[in-house]
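Below is one structure, written out as structure tokens; comments come after it.
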Amino acid sequence: MTDAQRTTPDILCIGSVLWDIIGRAPNHMRVGADVPGRITRLPGGVAMNIAMTLRRFGMHPALLTAIGKDEEGRELLAACARMGMITKHVYLSEDLPTDCYMAVEGGNGLVAAIADAHSLEAAGDKILSPLSDGRLGTAQAPYDGIVALDGNLTESLLTQITHSPLFARADLRVAPASPGKAERLMPFLEGGRATLYVNLEEAGLMCQREFSSARDGAAALIARGARRVLVTDGGKSAAFADDVLIFDEQPPPVLVTRITGAGDTFMAAHIVAEAGGADPKDALSAALQAAAAYVSGEVP
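Note that our numbering has the sequence shown beginning at 302, numbered continuously upward.
What follows is the structure, given as structure tokens:
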């Protein structure tokens with residue numbers, strides 16, 4: 302069976318699939334700056350960015366998301382299919398527009414961003430129907446593979462997922478969509494059922510304190526009830542922790558050419574490494590290498 306014919310996923314990516322509209326300029330920017338640069342529109346969203354990296358490493362993700370039946374949605378669905386995503390489980394809405402994300406990046410990193418994921422939030426648990434109606438599982442025979450989940454879902458739906466029998470056997474991997482949505486992941490501290498991928502700011506928001514290192518943030522999240530965590534701190538360090546291990550590692554030094562999608566690339570590469578049998582230290586190293594290649598522009 303060719304990749305184009307494949308319809309059985311080896312991982313589910315649940316969350317935002319939308320259009321990324323990114324403006325990039327090579328020089329440092331401040332609020333109010335008006336500079337020349339490049340503007341691109343590409344498929345994006347946390348779930349989509351993770352899925353794209355998974356495909357690059359040979360996995361076959363299925364998307365569970367909401368996409369509008371508008372022109373933007375038809376284009377986006379076609380683009381996802383061309384990239385090898387399994388799209389037959391996507392919830393297609395007659396009345397909700399396709400979501401989008403807009404960001405401005407300068408030589409000094411991300412300047413500002415706005416995420417419009419209101420349609421995904423409005424669709425709610427409709428996007429999870431394939432997990433209960435027999436297409437991917439049922440409450441009696443739940444899906445037992447890897448699930449990459451993002452924090453663009455509402456807090457009530459994320460809370461529902463932590464207790465739902467539909468996810469009782471799943472290997473849950475969860476990331477916030479942004480620091481502003483980090484606190485939506487609090488139910489996963491109480492449930493202790495997932496691997497969390499957060500940056501240092503997000504770890505601080507979840508623990509309601511500031512941390513000086515990724516390692517400190519990871520230790521605090523485990524103390525708060527998390528099962529497994531990975532905490533990144535840009536180019537400084539990244540840490541892994543569970544109830545037995547805790548360690549950190551420095552990422553490779555690279556020239557940063559882009560920011561948006563780096564955390565999603567890190568998460569996807571870590572999932573691929575562990576799915577391939579890598580131990581925790583090797584999996585962290587592989588994720589850091591992949592993220593470094595992404596932000597340097599080495600990966601198209």
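Glycine included, every Cβ here is placed at the ideal spot set by N, Cα and C.
This one's a predicted model, so the numbers in the text were calculated from it and none came from an experiment.
Residue j beta carbon less than 8 Å from that of residue i
{"i": "L497", "j": "F489", "result": "yes"}
{"i": "L506", "j": "P480", "result": "yes"}
{"i": "R602", "j": "V448", "result": "Because the chain here runs from 302 to 601, residue 602 falls outside it and cannot be looked at."}
{"i": "L437", "j": "Y444", "result": "yes"}
{"i": "M568", "j": "I351", "result": "yes"}
{"i": "F512", "j": "A504", "result": "yes"}
{"i": "G493", "j": "R470", "result": "no"}
{"i": "A515", "j": "A539", "result": "yes"}
{"i": "T561", "j": "L411", "result": "yes"}
{"i": "R356", "j": "M330", "result": "no"}
{"i": "I572", "j": "G446", "result": "no"}
{"i": "L458", "j": "D426", "result": "yes"}
{"i": "A418", "j": "V405", "result": "no"}
Chain-order list of residues whose beta-carbon lies under 8 Å from that of residue i (same chain, five-residue window excluded)
{"i": "S597", "result": "V555, L556, V557 and T558"}
{"i": "E491", "result": "T463 and G526"}
{"i": "A570", "result": "T354, F358, A587, A588, Q590, A591 and A592"}
{"i": "N328", "result": "V336, G407 and G408"}
{"i": "T455", "result": "E422, G425 and R485"}
{"i": "Q461", "result": "D426"}
DSSP state of residue i mapped onto helix, strand, coil
{"i": "I315", "result": "strand"}
{"i": "D472", "result": "strand"}
{"i": "Q306", "result": "Confidence in Q306 is poor, its pLDDT being 48 and thus under 50, which makes the residue's placement unreliable; the coordinate value appears in the next sentence. Of the three classes helix, strand and coil, the one that applies to Q306 here is coil, per DSSP."}
{"i": "L429", "result": "helix"}
{"i": "D434", "result": "coil"}
{"i": "K327", "result": "Per the sequence shown, the amino acid found at residue 327 is Pro instead of Lys. P327 falls in the coil class under three-state DSSP."}
{"i": "P466", "result": "helix"}
{"i": "D417", "result": "strand"}
{"i": "I560", "result": "coil"}
{"i": "Y595", "result": "helix"}
{"i": "G577", "result": "coil"}
{"i": "Q441", "result": "coil"}
According to DSSP, residues forming a beta bridge with residue i
{"i": "S394", "result": "G369"}
{"i": "T411", "result": "Residue identity differs from the one stated: residue 411 is Leu in this sequence, not Thr. Beta-bridge pairing links L411 to E406."}
{"i": "I572", "result": "Per DSSP, none; premise fails for I572."}
{"i": "D451", "result": "A476"}
{"i": "T341", "result": "I323"}
{"i": "P362", "result": "I312"}
{"i": "C401", "result": "W320 and D417"}
{"i": "G387", "result": "Correcting the residue identity first, residue 387 is Ile in this sequence and not Gly. In DSSP, I387 forms a bridge with A363."}
Contacts around residue i, its chain only, beta-carbon distance under 6 Å, and the 5 residues preceding and following it disregarded
{"i": "Y595", "result": "A563 and T566"}
{"i": "V318", "result": "G346, A348, M349, L364 and T366"}
{"i": "V600", "result": "A594"}
{"i": "T341", "result": "I323"}
{"i": "A476", "result": "D451, Y498 and M568"}
{"i": "I415", "result": "M403"}
{"i": "G518", "result": "L501, A504, F512 and V532"}
Neighbourhood of residue i by C-beta distance below 7 Å, restricted to the same chain and skipping five residues each side
{"i": "T303", "result": "Annotation note: pLDDT 48 at T303 (below 50); position unreliable, no value reported."}
{"i": "K267", "result": "Nothing can be reported for residue 267: it is not among the residues displayed for the chain, which extend from 302 to 601."}
{"i": "T388", "result": "L364, L378, C381 and A382"}
{"i": "G257", "result": "Since the first and last residues shown for the chain are 302 and 601, residue 257 lies out of range."}
Short CB-CB distance (under 8 Å) between residue i and chain C
{"i": "G385", "result": "Among the chains in the structure shown there is no chain C, since it carries only a single protein chain."}
Worksheet item: What are the complete alpha helix (DSSP H) segments, minimum 4 residues, inside the stretch 496-555?
Response: 501-508 and 515-524
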